[in-house]
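J.: Have a look at this one before I ask anything.
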Amino acid sequence: MRALAEFIMKGRFQAVAVSGLGIGTLMFAWVGAAAAALVMLRKGLAEGAYVVFWALLPAIAVAYVGNDIGPLTMLLGTAVSAQVLREQRSWAAAILAAVGMGLLTALLLLHFGSAYLQSLLALVQPIMDDLRSQTQGQLPTLGEGDVAAAIGGSTMLWSVLAVMLARWWQAMLYNPGGFREEMWALRLPSVASLILVVLLLLLRAAGEDYRFWGVICMLPFVIAGLALVHGVIGKRQMGRVWLVGFYVALALLTPLWALLVLVAILDSWIDFRKRLSPPSGAE
Numbered sequence: 006m007r008a009l010a011e012f013i014m015k016g017r018f019q020a021v022a023v024s025g026l027g028i029g030t031l032m033f034a035w036v037g038a039a040a041a042a043l044v045m046l047r048k049g050l051a052e053g054a055y056v057v058f059w060a061l062l063p064a065i066a067v068a069y070v071g072n073d074i075g076p077l078t079m080l081l082g083t084a085v086s087a088q089v090l091r092e093q094r095s096w097a098a099a100i101l102a103a104v105g106m107g108l109l110t111a112l113l114l115l116h117f118g119s120a121y122l123q124s125l126l127a128l129v130q131p132i133m134d135d136l137r138s139q140t141q142g143q144l145p146t147l148g149e150g151d152v153a154a155a156i157g158g159s160t161m162l163w164s165v166l167a168v169m170l171a172r173w174w175q176a177m178l179y180n181p182g183g184f185r186e187e188m189w190a191l192r193l194p195s196v197a198s199l200i201l202v203v204l205l206l207l208l209r210a211a212g213e214d215y216r217f218w219g220v221i222c223m224l225p226f227v228i229a230g231l232a233l234v235h236g237v238i239g240k241r242q243m244g245r246v247w248l249v250g251f252y253v254a255l256a257l258l259t260p261l262w263a264l265l266v267l268v269a270i271l272d273s274w275i276d277f278r279k280r281l282s283p284p285s286g287a288e
């Protein structure tokens, strides 16, 4: 990964090549978006926008030929979030920007992309019908708003992950250990938490088309909750075995996800890490 980051930072041609080739694929699209974000984080808006512009060409081609707008929306979401992170030096602000891009993507699709949403529904409907028959009709029938929410949520999540990869590359090259410290300290401020909760409640009350849109507003709490766990375990020097145990429990126990979100909301008001006592033996 370090070699790839060094190659990207060698010049415009290298950055455009990695970003364009990555975006042109489904499997490595987020790596291509991260390459553009790395340039934006390190060299600023002008250089980053240059890379994003050329990466838009394969993204548009994938959207037109492959009928997949995912790489396009992720690239744009990543670019906006990376620029916000560079300007504000705040992960909370960058994540909120990604939420905004996710909601905007879903809104534009719902109102102007009906044909595209219908084509996706036609692909997943046989699978959903089979699952519904196995569960005696307990699964809800999907609509255009549900598919728009899924695309918006994917845009938000992969944009944040791409910016995180870019920030990790940047720290690896220019500030070793900096990314870990940022992730350990990642926390949503109380105002941001309040905005997300209010948005979530409003979307839940907005009608059938918006019933799953609240997930886009909930994802930041999942990210903040995971950062809290990593931060507590890291600051307390508890060892990686605790992290492994946590992720195993998270995979096996579904209610832990709700608890993670709740703890992240509380942390935005209480700041648990600030109240931690140093580990025994530490000065």
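Heads up: the sequence shown begins at 6 in my numbering, then just goes up one per residue. Backbone N, C-alpha and C fix where the C-beta goes; we use that ideal spot for every residue, glycine too.
What three-state label does DSSP hand residue 76 in the structure shown?
T.: Indexing the sequence shown from 1 puts residue 76 at position 71. Helix at residue 76.
J.: Assuming residue 219 is part of the alpha helix (DSSP H), what are its boundary residues?
T.: Position 214 of the sequence shown, counted from the start, is the residue given in the question as residue 219. Taken as a continuous stretch (DSSP letters only), the alpha helix (DSSP H) holding residue 219 covers 219 to 240.
J.: For residue 135, does the count of other Cβ atoms within 10 angstroms reach 16, so buried, or fall short, so exposed?
T.: To locate residue 135, count along the sequence shown from 1; it is residue 130. A residue is called buried when at least 16 other Cβ atoms come within 10 angstroms of its Cβ; residue 135 does not meet this threshold and is exposed.
J.: Could you tell me whether the region 227 to 241 touches the region 266 to 280, using the rule of 3 or more Cβ pairs below 8 Å?
T.: yes
J.: Given residue 91, which residues of its chain have a CB within under 6 Å of its CB, disregarding the five upstream and five downstream residues?
T.: Your numbering for residue 91 matches position 86 in the sequence shown. Cβ neighbours of residue 91 beyond the five flanking positions: 46.
J.: Determine contact between the region 71 to 87 and the region 95 to 107, defined as no fewer than three beta-carbon pairs at a distance below 8 Å.
T.: yes
J.: For residue 198, which residues in the same chain have their Cβ closer than 6 Å to its Cβ, ignoring the five residues on either side in sequence?
T.: Here the question's residue 198 lines up with position 193 in the sequence shown. Contacts found: 270, 273.
J.: So, using beta-carbon positions, are residue 13 and residue 40 closer together than 8 Å?
T.: Here residue 13 corresponds to residue number 8 of the sequence shown, with the count starting at 1. Here residue 40 corresponds to residue number 35 of the sequence shown, with the count starting at 1. Contact: yes.
J.: Rounded to a whole number of angstroms, what is the C-alpha to C-alpha distance between residue 253 and residue 165?
T.: Translated into positions along the sequence shown, residue 253 becomes position 248. Translated into positions along the sequence shown, residue 165 becomes position 160. Roughly 23 Å between the two C-alpha positions.
J.: Can you give me the C-alpha to C-alpha distance between residue 280 and residue 128, rounded to a whole angstrom?
T.: Taking the sequence shown and counting its residues from 1, the one referred to as residue 280 is at position 275. Taking the sequence shown and counting its residues from 1, the one referred to as residue 128 is at position 123. Whole-angstrom Cα-Cα distance: 50 Å.
J.: Helix or strand or just coil, what does DSSP make of residue 169?
T.: Counting from 1 along the sequence shown, the entry for residue 169 is found at position 164. The answer is helix: DSSP assigns residue 169 an H, G or I state.
J.: May I have a chain-ordered list of the alpha helix (DSSP H) segments no shorter than 4 residues that lie completely inside the region 131 to 161?
T.: Counting whole runs of 4 or more residues, the region 131 to 161 contains no alpha helix (DSSP H) stretch at all.
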